[in-house]
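Sequences listed follow chains E and X, in order.
Its first residue numbered 1, the first sequence is counted upward by one per residue in the working numbering.
Its first residue numbered 426, the second sequence is counted upward by one per residue in the working numbering.
Yeah, the Cβ is synthetic: ideal placement off N, Cα and C, and Gly gets one too.
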Amino acid sequence: MSKPSKGTSRRGFLRGAAAAGAGAVAAGAAKANTPDPLITEVQSWASGLGDGVDATPYGMPIEFEGDVVRRNVEWLTADTISSINFTPIHALDGTITPQGCAFERHHSGAIELRKQDYRLMINGLVDRPLIFSYDDLERFPRENHVYFCECAANTGMEWAGAQLNGAQFTHGMIHNMEYTGVPLRTLLEEAGLDTAGDLSDKWVYVEGADASSNGRSIPMEKALDDCLIAFKANGEALRKEHGYPVRLVVPGWEGNMWVKWIRRIEVMDGPVESREETSKYTDVMEDGTARKWTWAMDAKSVVTSPSPQAPIKHGKGPLVITGLAWSGRGAITRVDVSKDGGKTWETARLAKPGEKMALTRFYLDTDWDGEEMFLQSRAMDETGYVQPTKAQLREVRGLNSIYHNNCIQTWWVRPDGEAENVEVS
Amino acid sequence: MSKFLKVGAALMVMATPAFAEGFGLGRTALPEEIAAWDIDIRPDGTGLPEGSGDVWTGEEVFADQCAACHGDFAEGVDNWPKLAGGADTLADEDPLKTVGSYWPYLSTTWDYVNRSMPFGNAQSLEPDDVYAIVAYILYSNDLVDDDFVLSKETFAAFEMPNAGGFFVDDRMETEFTKWVGEPCMENCKDSVEITMRAAVLDVTPEEETTEDTAQQDAAVITEDATEEAAEPTAVQVAAVDPELVKAGEKVFRNCKACHKVGDGAKNGSGPMLNGIIGMTAGSVEGFRYSKPMAAAGENGLVWTQENLQAFLADPRGYMKGTKMSFRGLKKEEDLKAITAYLSTFDGS
């Protein structure tokens, strides 16, 4: 009864839309020739009864939204245990990413760690090496902040050319949540930093409780600035796949540093130079040398709809072009959209003023003439930085950087409403 | 930096006057606890334990512990990381970044092997084994001779080929200055031509529509219903406790990196396991077994649940020379659960 009909599949819908389009193009509201049975006939849902309360003690999205899920690109990695999947950003709106569809990145799988088995150690150059239980953490003054978490490799498959056909796959290694947690600074002060002496050349090394441990070195300045030891996201406990019960939040910096299941923080006089900060997460330049310590995520944006997975289904006329913009160096101040591949630009409307190191939603409410478009978006942040083109990035970095690709993305939208990932001159 | 820290310190004093001495939460970490977790190795070798290992020992340990994924010569199996080769390729169109060609510090290799490898059995290696594996990885990269011995003492003198290949993030100088200011809004370029299309490559995963998903759900429901209907006969055949099977599915996560089960399961770095219960040891088609495992099969070893449990409790104790680098399942209930789970996959 409630199964979606054939017509709701994307291609099926498009066939329908093309047929209906002819009738719908007249100026003003469309006219119907026959009464709509959905209105004139009493429907089962208007006559019978629905589910009672408690049908789903913890609710999942309705089945009609079953295709709004994380997806993985199998050929990218040897195995799903050490792999990544992608947030369905093409199907979401607003800025907060629901935890259940927020991308996952594991190096040795998502572990199950109970709160009562959780321990956090602070050691190294501190006055008092300490162990905290989960309950201890909940007794420190806590804060709420919304931040994006973007994998450094987001858009990394696109360096050499347009490759993956969908915003989910080109830009979906990102999520944006409201975190509740204790400032890392508070915990470091609790352990005492007098022993460390001059803090300007000190570091913290952070590692997780899983087998990969994913250790990273973070300069003390950042550790004392805005890092959070977080235990809630979007109001509820972190999900297993995002580091339950406790993860590190490093606002604006690459996702790999947001250590999940964080179990140890060591104050040090230099970086460890762990695997994740030498062999990975370093950016190879054209001459074969590599940038290291490229922590901040530069300003970036993408049109999420229309896009290859979210084609235009309604023919010409009013069209909402929307997307996301973010910067690891501060707040987004402006997003421009081009429909002609960058010849001319219009400034989009920000749904809300940009917030530091958080996703910003933009809209361009427009009237589509039904002709092909080369859709692009270009973000600017409060430092005055303007999101570069792929050509500009390649000029500095070559093709083998893998990480930190924040180029302007192009979607080729054709008259039938379908869109494709392309590169343009 | 210094300006920020001063401001921050002043804020601290104002914001938390009642807790000038801290909150008094947590407890002192004991030296034994710090020793257990603080195992990081610094580039100068700080943190290394006593020990040593030579290339030939390393070759043996590597074959046992690492080769299933990384290959006998550290050349990598399938999509698993290649640890050797790639010298002088970093400026090529397709650089091969391995321990030898890319990693700047030897400490990183020691630390990573010691803390995170073997995959699925981390922190099971003794320091001498780690020294030996690292020595063998260097040998595989033609960086040492076959008489090389790596130890705490020889470590510091070793410099990796790409040690000088890294520079600190310079984006603020090389990029920010170029890409700042009021951007072009009109007549920004003369023409726009498509230079590359993703659809031509066709490497994007196929998308399931809502319709497909709903149909799959329906199929699952049908299956469940069939199972229920068939229950009376199923009880006579074998009473597989569904709870135990469920628990076994969780335990199987320890195995998944190397072993596949279910529809379309193929051999990976370990054999696929459909129908393994009741099968002769060493007989999954197309898998290259260790000699002892193949011989055990020829001598009539059959993987009954009991035999498989004994093997999985202590793989190397049960079958000396097995390729399976897994420490074993310690808990009786895990052993029962895993064989119950595996018994649900038949070989047909």
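DSSP links GLY208 (chain E) through a beta bridge to E:ILE262. Residues of the region 383-417 of chain E with a Cβ closer than 7 Å to any Cβ of chain X, in chain order: GLY384, TYR385, VAL386, PRO388, GLN392, VAL396, ASN400, TRP412. Take ALA623 (chain X), set aside five residues on each side of it, and the residues of its chain with a beta-carbon closer than 8 Å to its own are THR629, in chain order. Remark: fewer than three beta-carbon pairs, one from each stretch, lie closer than 8 Å, so the region 394-406 of chain E and the region 348-355 of chain E are not flagged as touching. In the three-state reduction of the DSSP assignment, ASN679 (chain X) falls in the helix class, which pools H, G and I. Contact check for SER279 (chain E) and TYR564 (chain X): beta-carbon distance about 19 Å, past the 8 Å limit, so the pair fails to qualify. In chain order, ALA623 make up the part of chain X whose C-beta sits under 7 Å from the C-beta of ASN421 (chain E). The secondary-structure analysis by DSSP pairs ILE321 (chain E) across a beta bridge with E:LEU364. For CYS613 (chain X), the chain E residues whose C-beta falls within less than 9 Å of its own C-beta are SER338, GLY342, LYS343, THR344, TRP345, listed in chain order. Counting the other Cβ atoms within 10 Å of the Cβ of ALA32 (chain E) gives fewer than 16, which makes it exposed.
Of all residues in the region 580-600 of chain X, only GLY590, PHE591, PHE592, VAL593, ASP594, ASP595, ARG596, THR599, GLU600 place a beta-carbon less than 8 Å from a beta-carbon of chain E. Between ILE229 (chain E) and GLY451 (chain X), the C-beta gap is not smaller than 8 Å, which leaves the two residues out of contact. Contact annotation: ARG263 (chain E) and LEU120 (chain E) have beta-carbon atoms nearer than 8 Å. The Cβ neighbour count for ILE39 (chain E), taken over all protein chains shown within 10 Å, is under 16; the residue is labelled exposed. GLY673 (chain X) is positioned such that its CB atom lies closer than 8 Å to that of ALA765 (chain X). Residue environment for ASP627 (chain X): exposed (fewer than 16 other C-beta atoms within 10 angstroms of its C-beta).
The beta carbon of ASP340 (chain E) is closer than 8 Å to those of MET373, PHE374 in its chain, skipping five residues each way along the sequence. For a cut-off of 8 Å, the C-beta gap from HIS404 (chain E) to ALA209 (chain E) is around 28 Å, too long to register as a contact.
With respect to the C-alpha of TRP368 (chain E), the residue from E:ASP117, E:SER338, E:GLU104 having the closest C-alpha is E:SER338. With respect to the 8 Å criterion, ALA560 (chain X) and LEU550 (chain X) are not classified as neighbours on the basis of their beta carbons. The three-state secondary structure of ALA706 (chain X), taken from DSSP, is coil. For PHE498 (chain X), there is no enclosing alpha helix (DSSP H), as DSSP marks it with neither H nor E. Closest in C-alpha terms to ARG185 (chain E), from the list E:THR170, E:ILE265, E:ASN176, E:GLY252, comes E:ILE265. What GLY606 (chain X) touches in chain E, judged by beta-carbon distance under 8 Å, is GLY384, VAL386, going in chain order. Secondary structure note for TYR556 (chain X): its alpha helix (DSSP H) is the uninterrupted segment 552-565. A direct Cα-Cα distance of roughly 49 Å separates VAL204 (chain E) from GLY707 (chain X).
For the C-beta of SER576 (chain X), not a single chain E residue is nearer than 7 Å; the gap to the nearest is close to 21 Å. With a cutoff of 8 Å on beta-carbon distance, GLY478 (chain X) and TYR530 (chain X) are scored as not near each other. Interface criterion met: the Cβ of MET610 (chain X) is under 8 Å from a Cβ in chain E. Look at the beta carbons and you see the region 82-91 of chain E touching the region 155-172 of chain E: at least three pairs across the two are nearer than 8 Å.
Not a single C-beta of chain E is nearer than 8 Å to the C-beta of SER768 (chain X). Listed along the chain, the chain X residues whose CB falls inside 9 Å of the CB of THR87 (chain E) amount to none; the nearest CB is some 15 Å away. Using a Cβ distance threshold of 8 Å, ASP553 (chain X) and GLY472 (chain X) do not count as a contacting pair. In chain order, PHE591 make up the part of chain X whose C-beta sits under 8 Å from the C-beta of THR282 (chain E). Rounded to the nearest angstrom, the gap between the Cα atoms of SER301 (chain E) and PRO251 (chain E) is 17 Å. Distance from the CA atom of ARG713 (chain X) to the CA atom of GLY510 (chain X), rounded to whole angstroms, is 25 Å.
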